[in-house]
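Worksheet: the structure to be examined is printed underneath.
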Amino acid sequence: MLAVTFVRWWYGAGWNTLVHNVQRRNQRTIDSFSIPTLLRTLFAPWKRIVSAPGAGIDAHLRAIGDNAISRLVGFTVRLTVLVSAAVSLAFLAVFGLIQIAVWPFIPFAAVGLIIGGLVL
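So our numbering is basically just the index in the sequence shown, starting at one, shifted up by 132.
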């Protein structure tokens, strides 16, 4: 009776729990990297550092240059983090799909290993 309960759980609730855990792991990674925020602020200045233009044309040009550099630094840092997030998510997605695909065969592998250990 215990074996039947185990098989029912393994191919039912256990498999559903695994799928839920894979989805939750991917969502936690998205939240950890703050992907929506990074996409929304991709062209924002780095750490909100913005120069206010002064009275003369030189001050205006200096402010434009400073603001452009601040936005370039912000873009570069955010893009690097987004690429890292994409690589992490791709790895987790592939790993999760492998877990989900292998899950139904694990009990057979356990039985095969036990039989192989008894034979050898």
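Beta carbons are placed, not taken as given, at the ideal position from N, Cα and C, and that holds for glycine. Predicted model only: the values in this text are computed from it and were never measured.
Note to self: Taking 8 Å as the cut-off, does the stretch 148-161 touch the stretch 194-206 (at least 3 CB pairs, one atom from each stretch)?
What the structure shows: no
Next item on the list: Mark R210 as exposed unless 16 or more other C-beta atoms lie within 10 angstroms of its C-beta, in which case mark it buried.
Entry: buried
Item checked: Separation of F138 from L245, as counted between CA atoms -> 18 Å
Note to self: Between which residues of its own chain and V234 is the CB-CB distance below 7 Å, once the five residues before and five after are set aside?
What the structure shows: none
Notebook entry, point to check: Should L224 and R156 be called a contact, given that it needs their Cβ atoms to be closer than 7 Å?
Noted result: no
Check: What residue range is occupied by the uninterrupted alpha helix (DSSP H) comprising W147?
Finding: A145 to F165
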